[in-house]
Amino acid sequence: MLHRFAKFVAGCTVLLVLAGSLVTSTDSGLSVPDWPTTYGWNMFTFPPSKWVGGILYEHGHRLIASSVGFLTIVLAAWLWMSDTRRWMKWLGVGALGAVIAQGVLGGLTVMFFLPAPISTAHAGLAEIFFCMTVAIALFTSRGWIEGYRGRLVDDVPLRRLATAATILIYCQILIGATMRHTGAGLAIPDFPLMFGHLWPNHWDSKIAVHFAHRAGALLVALAVAVTASAVFARTRMSELRRPARLLIALVVVQITLGALTVLSRRDMWINSVHVVCGALVLTTSLVLTLRTWRVKFATQDVPLRREPAEVRLQPDTTTIRTVRFPVDQTNRTAR
Amino acid sequence: MRVRKFWIGALGLALAASITACGGKKDDLDAPDAGGGAAAAGSGPKVDAATAGNVEGVVAFDGVAPKNEPIKMNADPVCVKENTTPQQQETYMVADGKLANVFVYVKDGLGNYSYDAPAGAVTIDQKGCRYHPHVLALRIGQKLEIVNDDPTLHNIHALPKGNQEFNTGQPIQGMKTEHVFTAKEIMVPFKCDVHGWMNAYLAVMDHPYYAITGADGKFSLKGLPPGTYTIEAWHEKAGTQTAQVTIGAKETKEANFTFKAGATATD
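Sequences listed follow chains W and D, in order.
Sequential numbering from 1 applies to the first sequence in the numbering used here.
Sequential numbering from 1001 applies to the second sequence in the numbering used here.
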């Protein structure tokens, strides 16, 4: 039940990321000039008849964010009371802290007229919060708790590759956020060429940021291709192969959306879905990465099979003593 | 214990600093412009009305003016209801080859004259989900009265570079707020983030020699002391043009400007 709820919170966070990206895409960030009130009203009593123009996006974003914040309080409390893993309790608290900080950053960026550093930090923290909710959903899943039924492999090169890819994707998202919040989305107005050339023939700070995002896309695509290839070459675990396949598909969609964003002159929906797809690329890579790290979270309850021979299992320091989840006893026995 | 005391002290200092900073910002916004008011009044001699002359002229547009972008007001049903005819932006207001909404002013050549303090307030009205007027000007220290005459809410968001940025919500019809600018600036863009099509431009001047062209493209700068002046004409899209004019005592000189199709803003 907790796992389902964690998945629900992660799903709501996708919606929140979409709402936030729509605010920027429609340039509605300052359509509600006050915070935390809305035109002097309490946020929750602001009449729906007044949700017009940019207010629909900005106020909608605030309401969805508040709902996700409330859900995160419930999630953190649930983890604190039900999960015996000490680090999981604190991960819940960390997610709650992140969503509170995210709300404060959102307020600050409105009160200071959307300064690029605060808006970019708001976008960057949003991704971290989303990663935390996805990680909580993963850590509360039966597969994770059971150690994927003993099919774990301690593959150090794969782990390093996946980790590097995830970090690279996050850096790429930060560059993208900087680009959005400095108005550099169309600094290079053509695609795939740049001012009609393979390389920009003139430069300024906005062109540099935009170019970095395009170059970053190539690096991410390369990193994902190498990581996915390593997954397919080194393991048959569906728990790794599935996210690897999804990651490739999402990167293809993401690059297509990025190109369409430029070609459509920043169509609000294409632009916003591009942001959401970027977040999904990040969290899919995160899931893949965390699963490659699963052996480091080995528990005494879950037997780990040594495969291949040189696998080095780490001693368990984060034992799950009692996890109150409806674990399927039939499967446990079969294992 | 010592560490704890340190953190409590640091937190207290940070809190005090925040309160001071926030208080300072509010004062900046609300202050009735002590420095700006003095600058508006000037410190030199007054212009001698007996010898003052005028600069008059017409701003024309050569060629076919680009079509103004149509406005879709679907985002707010009230705006749709308030406008029964199709709406366009006011970028190029050309009639019979004359260009309206051009801000013409003395850019250079004025000495250290002092001027009477500006009388009354300048009003920008939000009506029919448009700004009225689209281009306006006032003096440093003069009040800008912002009115919402629409039965819907607006936020008025000024994006100056040399003055304090502000973003004020006006959720109720009939609301009025006032604002004072403290530094000369040409131009301060205004926008409504609720209704993305609403935009206006405000000039903040340190002297009274400015005008905004009407539908006939005419302007008049009256009461100028004898001298040689640089007159500039500013248009939001077509850019700027300048002219040199020398006027003697009680003289009226002509300065005409012609913007051409295809030009873009330079400022």
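We treat Cβ as the ideally placed atom computed from N, Cα and C, and that holds for glycine.
Keep in mind that this is a model prediction, so the values were computed, not measured.
Open item on the list: For Thr292/W and Asp155/W, which I take to be in contact (beta-carbon distance under 8 angstroms), what is that distance rounded to the nearest angstrom?
Closed with: About 7 angstroms separates the Cβ atoms of Thr292/W and Asp155/W, confirming a contact at the 8 angstroms cut-off.
Open item on the list: Going by C-alpha to C-alpha distance, which of Met194/W, Leu219/W, Ser264/W and Gln172/W sits closest to Arg277/W?
Closed with: For clarity, residue 277/W is Cys in the given sequence; the question names Arg instead. Cα-wise, what sits closest to Cys277/W is Gln172/W.
- [ ] At 9 angstroms on the CB atoms, spell out the chain D contacts of Ser28/W, in chain order.
- [x] Taking a Cβ-Cβ cut-off of 9 angstroms, the neighbours of Ser28/W in chain D comprise Asp1193, Val1194 and Gly1196, given in sequence order.
Task: Whether Lys1107/D touches Thr1258/D by CB criterion (8 angstroms) - done: No, these two residues do not count as a Cβ contact at 8 angstroms.
Open item on the list: For the region 1140 to 1159 of chain D against the region 1169 to 1177 of chain D, do three or more pairs of beta-carbon atoms, one drawn from each stretch, fall closer than 8 angstroms, so that the two count as touching?
Closed with: The region 1140 to 1159 of chain D, when compared against the region 1169 to 1177 of chain D, does touch it at the 8 angstroms Cβ threshold.
Open item on the list: By the three-class DSSP mapping on this structure, what secondary structure does Thr256/W have?
Closed with: Looking at Thr256/W - three-state DSSP - the assignment turns out to be helix.
- [ ] Leaving out five residues on either side along the sequence, give the residues of the same chain with a beta carbon under 6 angstroms from the beta carbon of Ala1200/D.
- [x] Counting only Cβ-Cβ distances below 6 angstroms, and skipping sequence neighbours, we find Tyr1131, His1134 and Phe1190.
TODO: Determine, using beta carbons only, whether Ala162/W comes closer than 8 angstroms to chain D.
DONE: At a cut-off of 8 angstroms between beta-carbon atoms, Ala162/W makes no contact with chain D.
Task: C-alpha gap between Val1122/D and Lys1143/D, whole angstroms - done: Roughly 6 angstroms between the two C-alpha positions.
Open item on the list: Once DSSP output is grouped into helix, strand and coil, what is the label at Tyr1092/D?
Closed with: It is coil, neither helix nor strand.
Open item on the list: Check whether chain D comes within 8 angstroms of Phe113/W, counting only Cβ atoms and requiring the distance to be less than that.
Closed with: Output row for Phe113/W: interface = yes.
Open item on the list: Using the three-state DSSP reduction, which class does Gln102/W fall into: helix, strand or coil?
Closed with: Three-state result, Gln102/W: helix.
TODO: Determine, using beta carbons only, whether Pro200/W comes closer than 8 angstroms to chain D.
DONE: Taking Cβ atoms only, chain D never reaches closer than 8 angstroms to Pro200/W, which makes this a no.
TODO: For Asn1163/D, collect the residues of the same chain with a Cβ closer than 8 angstroms to its Cβ; drop the 5 residues on either side in sequence, then sort them by chain order.
DONE: Short of 8 angstroms from the beta carbon of Asn1163/D, and not among the five residues preceding or following it, lie these beta carbons of its own chain, in chain order: Phe1181, Thr1182, Ala1183, Glu1185, Val1188 and Val1204.
Task: C-alpha distance - Thr72/W paired with Val295/W, whole-angstrom precision - done: Spanning the two alpha carbons is a distance of roughly 28 angstroms.
Open item on the list: Can you check whether the C-beta of Lys1260/D is within less than 8 angstroms of a C-beta belonging to chain W?
Closed with: Answer no: the Cβ-Cβ gap between Lys1260/D and chain W never drops below 8 angstroms.
Task: Coil, strand or helix - Gln1087/D by DSSP - done: Here Gln1087/D sits in strand by DSSP.
- [ ] Using three-state DSSP, classify Gly69/W as helix, strand or coil.
- [x] Gly69/W: helix per DSSP, three-state reduction.
Open item on the list: Give me the chain D residues within the contact set of Ser21/W, using Cβ-Cβ distance strictly less than 8 angstroms, ordered along the chain.
Closed with: Counting only Cβ-Cβ distances below 8 angstroms, Ser21/W has no contacts in chain D at all, with the closest Cβ about 16 angstroms away.
- [ ] Look at the alpha carbon of Ile1247/D and the alpha carbon of Ala177/W, and state the distance between them as a whole number of angstroms.
- [x] If I take the Cα positions, the gap works out to 55 angstroms.
TODO: Specify the secondary structure class of Asn1187/D as computed by DSSP and reduced to three states.
DONE: Contrary to the premise, residue 1187/D reads as Met rather than Asn in this sequence. Look at Met1187/D here: in three-state DSSP terms it is strand.
Open item on the list: Looking at the strands, I want to know which residues DSSP matches up with Gln1170/D.
Closed with: Looking at the DSSP assignment, Gln1170/D forms a beta bridge with His1154/D.
Open item on the list: Let me see if you follow: with CB-CB separation under 8 angstroms, is Ile55/W close to chain D or not?
Closed with: Yes, Ile55/W lies at the interface with chain D (some Cβ there is under 8 angstroms from its Cβ).
Open item on the list: Counting C-beta neighbours from all protein chains within 10 Å, is the total for Asp190/W 16 or more, i.e. buried, or is it exposed?
Closed with: Exposed: under 16 other Cβ atoms inside 10 Å.
Open item on the list: Please state whether the Cβ-Cβ distance between Thr1252/D and Glu1056/D is less than 8 angstroms.
Closed with: The answer is yes: Cβ separation under 8 angstroms.
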